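Colleague:
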Amino acid sequence: MPGRHSLFWKLAFLLVGFCLLMIWLSWSWGRYMEQKNLFLSVEARKTLQEYAAQAEQAWNQGQEAGVDAWLQGMTQREGSWVGVIGGDLQTLSSRPLTPRENQRLTFLRGLDWPVSLHARGLPWLRVPFPGDPDAGSLVIELPQRFMPGQYRLLWRVLTNGVIPGLFTLLLCVGLYRLLVVPLNQLREQANAWSADQLNARLSSQTTSRRDELGELGRAFDQMSERLQGTVSLQQQLLRDLSHELRTPLSRLRVACDSEHSLAALRERLSREVDGMQRLVEDSLQLAWLDTERAPLAAEEIQVQALWEMLTENACFESGWPAQQLQCELTAECWVRGNLNTLAQALENILRNAIRHSPLGAVVSLDGCREGEYWHLWLEDQGGGVDEVDLERIFAPFTRLDGSRPGNGGFGLGLSIARNAVQRQGGQIWAQNTEHGLRLHMRLLAASL
Amino acid sequence: MTPVSVGHPRILAIEDDLVLGAYVHEQLGRSGFEVTWCQNGREGLELARERSFDLVLMDILLPGMDGLSVLTYLRQSHSTPVVLMSALGAEADRISGFRLGADDYLPKPFSMAELRVRIEAILRRVALDRRPVAIPLNRDSHSLRFDDELCDVYFGQQWAGFTRSEYRLLETLNRSADEVLSKAFLYQHVLQRGYAPHDRSLDMHVSQIRRKLKAIGYGEREVRTVWGKGYVLSAVDEGA
Chain A
1 MPGRHSLFWK LAFLLVGFCL LMIWLSWSWG RYMEQKNLFL SVEARKTLQE
51 YAAQAEQAWN QGQEAGVDAW LQGMTQREGS WVGVIGGDLQ TLSSRPLTPR
101 ENQRLTFLRG LDWPVSLHAR GLPWLRVPFP GDPDAGSLVI ELPQRFMPGQ
151 YRLLWRVLTN GVIPGLFTLL LCVGLYRLLV VPLNQLREQA NAWSADQLNA
201 RLSSQTTSRR DELGELGRAF DQMSERLQGT VSLQQQLLRD LSHELRTPLS
251 RLRVACDSEH SLAALRERLS REVDGMQRLV EDSLQLAWLD TERAPLAAEE
301 IQVQALWEML TENACFESGW PAQQLQCELT AECWVRGNLN TLAQALENIL
351 RNAIRHSPLG AVVSLDGCRE GEYWHLWLED QGGGVDEVDL ERIFAPFTRL
401 DGSRPGNGGF GLGLSIARNA VQRQGGQIWA QNTEHGLRLH MRLLAASL
Chain B
1001 MTPVSVGHPR ILAIEDDLVL GAYVHEQLGR SGFEVTWCQN GREGLELARE
1051 RSFDLVLMDI LLPGMDGLSV LTYLRQSHST PVVLMSALGA EADRISGFRL
1101 GADDYLPKPF SMAELRVRIE AILRRVALDR RPVAIPLNRD SHSLRFDDEL
1151 CDVYFGQQWA GFTRSEYRLL ETLNRSADEV LSKAFLYQHV LQRGYAPHDR
1201 SLDMHVSQIR RKLKAIGYGE REVRTVWGKG YVLSAVDEGA
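These protein sequences, in sequence, are chains A and B.
Using this note's numbering, the first residue of the first sequence is number 1, and each one after it goes up by one.
Using this note's numbering, the first residue of the second sequence is number 1001, and each one after it goes up by one.
(1) Considering only DSSP beta bridges, list what residue 254(A) is partnered with.
(2) Going straight from the alpha carbon of residue 1177(B) to that of residue 1234(B), what length do you get?
(3) For a contact defined as C-beta to C-beta under 8 Å, what are the partners of residue 316(A) on chain B?
(4) In chain B, which residues lie less than 8 Å from residue 305(A) when you measure between Cβ atoms?
(5) Under 8 Å, Cβ to Cβ, is there at least one residue of chain B near residue 277(A)?
(6) Taking the alpha-carbon positions, what's the residue 21(A) to residue 115(A) distance?
(7) Are the beta-carbon atoms belonging to residue 1018(B) and residue 1047(B) less than 8 Å from one another?
(8) What separation, rounded to the nearest whole angstrom, lies between the Cα atoms of residue 224(A) and residue 199(A)?
(9) Using a Cβ-Cβ cut-off of 6 Å (strictly less than) and excluding sequence neighbours within five positions of residue 162(A), which residues of its own chain qualify?
(10) What does residue 442(A) pair with, by DSSP beta-bridge criteria?
(11) Between which two residues does the alpha helix (DSSP H) containing residue 204(A) stretch?
(12) Does the beta carbon of residue 191(A) sit closer than 8 Å to a beta carbon anywhere in chain B?
(13) Under 8 Å between the Cβ atoms of residue 1068(B) and residue 1100(B)?
(14) Between residue 352(A) and residue 444(A), which are expected to be in contact by the criterion C-beta below 8 Å, what is the C-beta distance as a whole number of angstroms?
(15) Strictly under 8 Å for the Cβ-Cβ distance: is residue 1182(B) near chain A by that measure?
(16) If residue 1209(B) sits next to residue 1149(B), beta carbons under 8 Å apart, how far is it from one beta carbon to the other, in whole angstroms?
(17) So, residue 1022(B) versus residue 1094(B), is the Cβ gap smaller than 8 Å?
(18) Rounding to the nearest angstrom, what Cα-Cα distance links residue 1082(B) and residue 233(A) in this structure?
(19) Counting contacts by CB-CB distance shorter than 8 Å, is residue 1237(B) in contact with chain A?
(20) For residue 1096(B), go through chain A and note every residue whose CB falls closer than 9 Å to its CB, in chain order.
(21) How far does the alpha helix (DSSP H) with residue 195(A) in it extend, from its first residue to its last?
(22) Are residue 106(A) and residue 97(A) close, meaning C-beta to C-beta below 8 Å?
(23) Mapping the DSSP letters down to three states, classify residue 1234(B) as helix, strand or coil.
(24) With 7 Å as the C-beta to C-beta threshold (strictly closer), list the residues of the segment 333-348 of chain A near chain B in chain order.
(25) Measuring alpha carbon to alpha carbon, tell me which residue in 447(A), 309(A) and 362(A) is nearest residue 369(A).
(26) Let's test the definition: count the other Cβ atoms within 10 Å of the Cβ of residue 1015(B) and tell me whether it reaches 16, buried, or not, exposed.
(27) Are residue 329(A) and residue 287(A) touching if we call contact CB-CB under 8 Å?
(28) With 9 Å as the C-beta to C-beta threshold (strictly closer), list the residues of the segment 1096-1116 of chain B near chain A in chain order.
(29) Suppose the cutoff is 7 Å on Cβ atoms and the five residues either side in sequence are ignored; what does the same chain contact list for residue 1191(B) look like?
(30) Where does residue 1002(B) sit, in a helix, a strand or coil, going by DSSP?
(31) Taking only the alpha-carbon atoms, compute the straight-line gap between residue 1229(B) and residue 1008(B) and give it to the nearest angstrom.
(32) Return the residue from the list 75(A), 126(A) and 276(A) that minimises the CA-CA distance to residue 1109(B).
(33) For residue 1223(B) and residue 218(A), I'd like the C-alpha separation in whole angstroms.
(34) For residue 1037(B), write down the residues that DSSP places opposite it in a beta bridge.
(35) If residue 382(A) sits next to residue 436(A), beta carbons under 8 Å apart, how far is it from one beta carbon to the other, in whole angstroms?
(36) Is the segment 313-321 of chain A touching the segment 349-363 of chain A, taking contact as three or more C-beta pairs under 8 Å?
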């Protein structure tokens, strides 16, 4: 069953309504026109009534002879059969009626009767004398010029052809506006994409529709949003990556030209290769997290155990004593997610916090349960960042200069962390505190 | 780590890059392996079918026939361990390699030390798999009681509550007491898969083992990290 806002209903109402309208129109108009065309015109009635008056006058003045004389004149004037009969249906002229004429006299139409269009020949009419209707009547074969329905064909063409045609045309215009105009907009957008205008969007008129075409339009817009995001991210990544690779390459070039000892050269070489390898791996990881859409395998993870695993590594890397990395969380904090990506995210923000902390500072992890989620935060004492940069630090290759101590890295850590957390349905954002930066994460709690 | 098999392990290296192939050939030869080097996928498959090797080391992009197809055909008749190496670092490639039956996946660039560790891990695992079930020795070593049925250890008055993987890991470490076991070997033997840098399952298991041993009050020995090498179960260093 199509939904309430489905196009089906619009089309159904339109088409059913149209069909009913057409049937009603052709039925009622056709009938009206037909009727109209069966009756004599006013002029014809007037003329024929005058004839009847003349016939009565002729009868009253000259009886049989008067009628004969008048009839003679009439026959010349009209050319069709004319007779005058009395109340007893006998002719009032001297010429007797032929049997055929007699037969026809037995069915005569009144003036205001409809004329049969199906009868052969012209109809005969009886017009009573206006003065004394009982005295007699004029019988006349309707002259051709008074025959109604001369424009019958024209009317028929109009009611059965032109007007339904016009209405159908209107229906077509309606359907076109309903269906084809949005499709044309989609086509224009697709063409705009072909011409590399990825910022082209559909008009709000299309996207705010509540039917299937509106859904299509919104899906189209979402797709272009995603496409534009991906393309610009890829372009940015490529630009930044080549820029970042230039730095170690130029250092290698310098080392190559200078007069280092072999051991020093080898040591330098190995360091730069490590750096470049890490850069390439991080970039690939970021690209993979961003483009891969398949759901990650999820498991239940105890954050305390994860933290212990990460701090062991971090202490080894940075030479920090373990007491400076504190975890306020209890053993009850279990989250649901993908171990590898979550570990990577937490490790990256931990490394980031350590890198930007002054000597002897403390980095601590804390959190609280919020309904279905665990809200965790990692706090450092590195002085924080500008408010405007709180979002920017998650963009790839962003390195803030100035205030925060510490350097190194390619500015990919937090981007990877954000992508990794988002991939498993979590959120990550930053906030400044009195002493430093606080990174918040909202992760799905494990259902134990 | 000492190679377990007697004599020189035979390795078939299928690598079309002349520089890397020659280097691998020379370095592995120097490390005591008997290396056959071949540069074409189709020829490599013939060789692997005709002669018996302890391990096949193979690139994915190869002339003649690509590495994944070679692996597919080889798996129809042989169970020789296969290590794939590729510059295609993509996760999807690694996954499809494992699905087709590869024993490990080594992304390029890699160091020779890394390659040796991976090869030794697989050879050692194969040797362990072939060995008849060992009679448990020293089961109550250092007052920690291992129970194979329950997959758990007992100390003092309580069970530690290990999961199957955690138990297997601790048991493996216990069996080779005081010997550093590489992550590559532990992945092969305990988790039965190849090791990848972003894979943290083993580290997480170690973290949980430490927590659970601590919870039952066992402090005689601990699982220690040997940086750049692996893990070892050894006596707690009082000086640390």
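We treat Cβ as the ideally placed atom computed from N, Cα and C, and that holds for glycine.
No experiment lies behind these values; they were computed from the predicted model shown.
Modeller: Let me lay it out:
(1) Position 254 of the first sequence holds residue 254(A). Per DSSP, none; premise fails for residue 254(A).
(2) Residue 1177(B) sits at position 177 when you count from the first residue of the second sequence. Residue 1234(B) sits at position 234 when you count from the first residue of the second sequence. Residue 1177(B) and residue 1234(B): Cα-Cα distance of roughly 7 Å.
(3) If you number the first sequence from 1, residue 316(A) lands on position 316. Correct list: 1225 and 1227.
(4) Counting from one through the first sequence, the residue named residue 305(A) turns up at place 305. By Cβ distance, chain B contributes 1204, 1207, 1208 and 1211.
(5) On the first sequence, position 277 is the one that residue 277(A) refers to. At least one chain B Cβ lies under 8 Å of residue 277(A).
(6) On the first sequence, position 21 is the one that residue 21(A) refers to. On the first sequence, position 115 is the one that residue 115(A) refers to. Distance between the alpha carbons of residue 21(A) and residue 115(A) is about 30 Å.
(7) For the purposes of this step, residue 1018(B) is taken as residue 18 along the second sequence, with counting starting at 1. For the purposes of this step, residue 1047(B) is taken as residue 47 along the second sequence, with counting starting at 1. No, these two residues do not count as a Cβ contact at 8 Å.
(8) By 1-based counting over the first sequence, the position of residue 224(A) is 224. By 1-based counting over the first sequence, the position of residue 199(A) is 199. Cα to Cα, residue 224(A) sits roughly 8 Å from residue 199(A).
(9) Stepping through the first sequence from its first residue, residue 162(A) is reached at position 162. So the list is empty, once near-sequence residues are dropped.
(10) Position 442 of the first sequence, counting from 1, holds the residue named residue 442(A). In the DSSP assignment, the residues bridged to residue 442(A) are 375(A) and 427(A).
(11) Sequence index remark: in the first sequence, residue 204(A) carries index 204 (1-based). Run containing residue 204(A): 204-207, per the alpha helix (DSSP H) assignment.
(12) Within the first sequence, numbered from 1, the residue matching residue 191(A) stands at position 191. Cβ-Cβ to chain B under 8 Å: no for residue 191(A).
(13) To locate residue 1068(B), count along the second sequence from 1; it is residue 68. To locate residue 1100(B), count along the second sequence from 1; it is residue 100. In this structure, residue 1100(B) lies closer than 8 Å to residue 1068(B) by Cβ.
(14) The residue labelled residue 352(A) in the question sits at position 352 within the first sequence. The residue labelled residue 444(A) in the question sits at position 444 within the first sequence. Contact flag wrong, Cβ pair sits at about 23 Å.
(15) Counting from one through the second sequence, the residue named residue 1182(B) turns up at place 182. No, because no Cβ of chain A sits closer than 8 Å to the Cβ of residue 1182(B).
(16) By one-based count along the second sequence, residue 1209(B) stands at place 209. By one-based count along the second sequence, residue 1149(B) stands at place 149. The Cβ separation is near 19 Å, so there is no contact.
(17) Position 22 of the second sequence, counted from the start, is the residue given in the question as residue 1022(B). Position 94 of the second sequence, counted from the start, is the residue given in the question as residue 1094(B). Residue 1094(B) sits away from residue 1022(B), with the two beta carbons spaced by 8 Å or more.
(18) As a first step, residue 1082(B) is located in the second sequence; it is residue number 82 there, counting from the start. As a first step, residue 233(A) is located in the first sequence; it is residue number 233 there, counting from the start. Cα to Cα, the separation comes out at about 37 Å.
(19) Within the second sequence, residue 1237(B) is the residue found at index 237, counting from 1. Chain A contact via Cβ: absent.
(20) Reading the second sequence from its first residue, position 96 is the one you call residue 1096(B). Simply none; closest approach about 13 Å.
(21) To locate residue 195(A), count along the first sequence from 1; it is residue 195. It is not in any alpha helix (DSSP H) - residue 195(A) carries neither H nor E in the DSSP assignment.
(22) Position 106 of the first sequence, counted from the first residue, corresponds to residue 106(A). Position 97 of the first sequence, counted from the first residue, corresponds to residue 97(A). Not a contact, by the Cβ cut-off of 8 Å.
(23) Within the second sequence, residue 1234(B) is the residue found at index 234, counting from 1. Here residue 1234(B) sits in strand by DSSP.
(24) 339, 340, 343 and 344
(25) The count along the first sequence starts at 1 and reaches residue 369(A) at position 369. Among 447(A), 309(A) and 362(A), the Cα nearest to that of residue 369(A) belongs to 447(A).
(26) Here residue 1015(B) is taken as the residue at index 15 of the second sequence, counted from 1. Under this definition residue 1015(B) is a buried residue.
(27) In the first sequence, the residue the question calls residue 329(A) occupies position 329. In the first sequence, the residue the question calls residue 287(A) occupies position 287. Contact flag unset, no.
(28) For the segment 1096-1116 of chain B, the beta-carbon criterion of a distance under 9 Å to any beta-carbon of chain A is satisfied by 1107 and 1109.
(29) By 1-based counting over the second sequence, the position of residue 1191(B) is 191. Cβ within range, chain order: 1165, 1201 and 1202.
(30) Here residue 1002(B) refers to the residue found at position 2 when the second sequence is read from its first residue. Its pLDDT being 40, under 50, residue 1002(B) is placed unreliably in this model, and the coordinates cannot settle the point.
(31) Translated into the one-based positions of the second sequence, residue 1229(B) becomes position 229. Translated into the one-based positions of the second sequence, residue 1008(B) becomes position 8. So the alpha carbons of these two residues sit roughly 24 Å apart.
(32) Mapped onto the second sequence, residue 1109(B) falls at position 109. Looking from the CA of residue 1109(B), the closest CA among 75(A), 126(A) and 276(A) belongs to 276(A).
(33) To locate residue 1223(B), count along the second sequence from 1; it is residue 223. To locate residue 218(A), count along the first sequence from 1; it is residue 218. Roughly 55 Å separates the two Cα atoms.
(34) Along the second sequence, read from residue 1 onward, the residue named residue 1037(B) stands at position 37. According to DSSP, residue 1037(B) bridges with 1013(B).
(35) In the first sequence, the residue the question calls residue 382(A) occupies position 382. In the first sequence, the residue the question calls residue 436(A) occupies position 436. 4 Å between Cβ atoms; contact.
(36) yes
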